[in-house]
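Report on one structure; see the data block that follows.
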Amino acid sequence: MFIRQSLSTTRRLFSTNFANELQEAKPFSQIPKISALKLVMGNLPGGKYYKKSIKDIQDMFYKEYGCIVKMPGLFGQPEMIFTFNADDFEKAFRAEGIWPVRFGIETLKHYRETMRPEIYTEFGSLGTSDGQKWQTTRTIVNPIMMQPKTVKFYTQQIDEIAKELVEIMRNIKNDKNEMPGNFSDYLNRWSLESIATIAVEKRLNVLSGKTDDENSKKLIKVIRQFFEQGPEFEGKPSIWKYYETKDFKNLIEVYDTMTSIVFNYVNEAIKRFETEEVKEGQEESILRKLLKVNKNVAFITASDLLIAGVDTTASGVTFILYLLAKNPEKQEKLRSEILKILPEKNSQIDSEKMKNLPYLRAVIKESFRMLPVAGGNARKVAKDVVLAGYHVPKDSLIVMSAYNELSNPKFYPEPKKFIPERWLRESKESDQWKSKENNPFSFLPFGFGARSCVGKRIAELETEVVVSNIIRNFKLEWDYPDIKIKGLFANIPDSEMRFKITET
Ligand code: HEM
Numbered sequence: 001m002f003i004r005q006s007l008s009t010t011r012r013l014f015s016t017n018f019a020n021e022l023q024e025a026k027p028f029s030q031i032p033k034i035s036a037l038k039l040v041m042g043n044l045p046g047g048k049y050y051k052k053s054i055k056d057i058q059d060m061f062y063k064e065y066g067c068i069v070k071m072p073g074l075f076g077q078p079e080m081i082f083t084f085n086a087d088d089f090e091k092a093f094r095a096e097g098i099w100p101v102r103f104g105i106e107t108l109k110h111y112r113e114t115m116r117p118e119i120y121t122e123f124g125s126l127g128t129s130d131g132q133k134w135q136t137t138r139t140i141v142n143p144i145m146m147q148p149k150t151v152k153f154y155t156q157q158i159d160e161i162a163k164e165l166v167e168i169m170r171n172i173k174n175d176k177n178e179m180p181g182n183f184s185d186y187l188n189r190w191s192l193e194s195i196a197t198i199a200v201e202k203r204l205n206v207l208s209g210k211t212d213d214e215n216s217k218k219l220i221k222v223i224r225q226f227f228e229q230g231p232e233f234e235g236k237p238s239i240w241k242y243y244e245t246k247d248f249k250n251l252i253e254v255y256d257t258m259t260s261i262v263f264n265y266v267n268e269a270i271k272r273f274e275t276e277e278v279k280e281g282q283e284e285s286i287l288r289k290l291l292k293v294n295k296n297v298a299f300i301t302a303s304d305l306l307i308a309g310v311d312t313t314a315s316g317v318t319f320i321l322y323l324l325a326k327n328p329e330k331q332e333k334l335r336s337e338i339l340k341i342l343p344e345k346n347s348q349i350d351s352e353k354m355k356n357l358p359y360l361r362a363v364i365k366e367s368f369r370m371l372p373v374a375g376g377n378a379r380k381v382a383k384d385v386v387l388a389g390y391h392v393p394k395d396s397l398i399v400m401s402a403y404n405e406l407s408n409p410k411f412y413p414e415p416k417k418f419i420p421e422r423w424l425r426e427s428k429e430s431d432q433w434k435s436k437e438n439n440p441f442s443f444l445p446f447g448f449g450a451r452s453c454v455g456k457r458i459a460e461l462e463t464e465v466v467v468s469n470i471i472r473n474f475k476l477e478w479d480y481p482d483i484k485i486k487g488l489f490a491n492i493p494d495s496e497m498r499f500k501i502t503e504t
């Protein structure tokens, strides 16, 4: 009774505060605005946004307009509100409603919903659907994918693939002990190999290059094409909505190829499962559990995992290795933690051992802070909100640009330094790097709430296992200028990743 009363009092207070805030808010029309002409001119050769990274463009927006700015909708693109402030990120997330909408990858959404209705009518895709259809799939997938025991199931296979990468690194180093210029391709293949063992339960053998399977070769090619060509259609004039350009038709071919390959793999798995029984006492795999619910849900989820999980994880690992190579003391500290738990170079990693690596987890977080894979989050607000003192109406699209807050000294003392210690539990060593003012909404590498990354646990498992294997085998060095970063659907390295490796 008392609890119910105090809850309703809190709710009343909250709505009174919000009503006051709304009454005092400046009107939407007064939010600083980038003019359409400035935006178009800026994106032309010689313009100030031309060929600039997403991070640089957002930094320019922040410097020129402050902590909130309106970007006009042009040629079929909707208007967007950019915010740079963690308090406002929280407000936008809290206004996301029961079926959060993220918006993005318009061409894939169009392909799935209008060209493949036979697959996407009853169940939505986590990546591209919204509303009830998204919710139906997410409700099925959450208990299957987000449980620690499901992820544990894959540790051994993920470890085997990481060890294969370590062996490959030994074989591809040149006479200066450096990785080749295309080392990022190897990391992408490692990531695809790892995700495919989970999504379609198949070793593609694309990492070793020992595959005769034409579909595997094609899959790695089309995922790359999707990642390179897809962003060309996002956040830019959407001419394809009115006229199917040659580039748009090519992208549709990429989507068709991906769809038929993943369908083949799921069909192959169904056949295998008819004869392969699950051993007694053994956990069932994600794919088996999803197939028990419905074949289309299994197919849709497998496609989403392959699309969302490959470049993101590969890029995250590249940034971690790079920051460790540039910070030898931190690398040494991590190595000694790993060697305490895993003293041999090649011993098998299991989930029990992985529990005792706090510094590794801190390294991963600090890397996500300094070089984020996702530079922010996005939501359509499901109700009116007040952001930066302005009234923002329901259904506005909010882009929460994280870069500014991730390097804000108010939250992260000495933000330009790589200091994993700031993420460790309270201790003398870590306290000096923590800020009392910190706001958890400043650091959301996997998003927030009901629509947050469904592959978080898998990404963490893969990352922890591969970094542990690399660091206990090699000392990493970086002898080149700082890397460049390219913003596609995720931030990826735009430099040759020529790590120097020495056996430990
Ligand atoms: C370092 C690696 C990764 C990062 C940084 C990352 C980050 C994100 C972020 C920021 C979102 C949006 C969350 C939101 O809107 O609140 C997201 C969504 C998603 N991610 Fe990840 N991700 C990673 C790896 C993965 C992996 C390995 C998988 C699959 C195995 C995956 C599958 C997905 C899916 C399916 C969604 C859409 C979820 C939904 O809308 O319901 N991600 N991810």
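Residue numbers (the UniProt record's numbering): 1 to 504. The C-beta atom is built at its ideal place from N, Cα and C for all residues, glycine as well.
Three-way DSSP call (helix, strand, coil) for residue i in this model
i           : result
residue 70  : strand
residue 378 : strand
residue 3   : Note that residue 3 scores 47 on pLDDT, short of 50, meaning its location in the model is unreliable and no value can be drawn from it.
residue 20  : helix
residue 93  : helix
residue 83  : strand
residue 296 : helix
residue 317 : helix
residue 497 : coil
residue 262 : helix
residue 483 : coil
residue 291 : helix
residue 475 : strand
residue 241 : helix
residue 215 : helix
residue 586 : Coverage of the chain is limited to positions 1 through 504, which leaves residue 586 absent and any answer about it impossible.
residue 33  : strand
residue 202 : coil
residue 504 : coil
residue 489 : coil
Same chain only: Cβ atoms within 6 angstroms of residue i, ignoring 5 sequence neighbours per side
i           : result
residue 196 : 202 and 204
residue 181 : 496
residue 309 : 195 and 455
residue 101 : 130 and 380
residue 73  : 79
residue 301 : 141 and 290
residue 362 : 420, 423 and 424
residue 24  : none
Distance between residue j and residue i (C-alpha atoms, nearest Å)
i           : j           : result
residue 439 : residue 370 : 16 angstroms
residue 459 : residue 44  : 37 angstroms
residue 33  : residue 52  : 20 angstroms
residue 135 : residue 179 : 44 angstroms
residue 164 : residue 86  : 41 angstroms
residue 486 : residue 59  : 15 angstroms
residue 218 : residue 404 : 39 angstroms
residue 549 : residue 49  : The structure shown does not extend to residue 549, since the chain spans only 1 to 504, so no value can be given for it.
residue 1   : residue 129 : Unreliable placement is indicated for residue 1, whose pLDDT of 45 sits below 50; the coordinate value is still reported in the next sentence. Those two C-alpha atoms are separated by around 41 angstroms.
residue 56  : residue 62  : 10 angstroms
residue 170 : residue 250 : 38 angstroms
residue 220 : residue 226 : 10 angstroms
residue 478 : residue 185 : 18 angstroms
residue 276 : residue 285 : 12 angstroms
residue 432 : residue 490 : 32 angstroms
residue 430 : residue 239 : 52 angstroms
residue 104 : residue 376 : 13 angstroms
residue 417 : residue 327 : 9 angstroms
Residue i: CB within 6 angstroms of a non-hydrogen atom of the ligand MG
i           : result
residue 381 : The model on display carries the ligand HEM but not the ligand MG.
Own chain partners of residue i with C-beta closer than 8 angstroms, once the 5 adjacent residues on each side are dropped
i           : result
residue 406 : 369, 370, 372, 412, 415, 442 and 443
residue 81  : 31, 68, 69, 70, 71, 387, 392, 396, 397, 398 and 399
residue 264 : 215
residue 283 : 149, 150, 152 and 153
Proximity below 7 angstroms, CB of residue i to CB of residue j
i           : j           : result
residue 270 : residue 467 : no
residue 177 : residue 500 : yes
residue 445 : residue 318 : no
residue 382 : residue 21  : no
residue 399 : residue 378 : yes
residue 366 : residue 409 : no
residue 345 : residue 473 : yes
residue 172 : residue 465 : no
residue 222 : residue 258 : yes
residue 469 : residue 19  : no
Cutoff 7 angstroms: residue i Cβ touching any chain D Cβ
i          : result
residue 64 : In the structure shown, chain D does not exist; there is a single protein chain.
Other residues of its chain near residue i: CB distance less than 7 angstroms, five sequence neighbours each side excluded
i           : result
residue 385 : 91, 92, 95 and 392
TODO: Can you check the stretch 382 to 456 for any alpha helix (DSSP H) of at least 4 residues that lies completely inside it and give the ranges in chain order?
DONE: Taking only runs of at least 4 residues, the alpha helix (DSSP H) segments lying wholly in the stretch 382 to 456 are 403 to 406 and 428 to 431.
TODO: Within the stretch 138 to 198, note down every full alpha helix (DSSP H) run reaching 4 residues or more, in order along the chain.
DONE: Listed in chain order, the complete alpha helix (DSSP H) runs (minimum 4 residues) inside the stretch 138 to 198 are 148 to 152 and 155 to 172.
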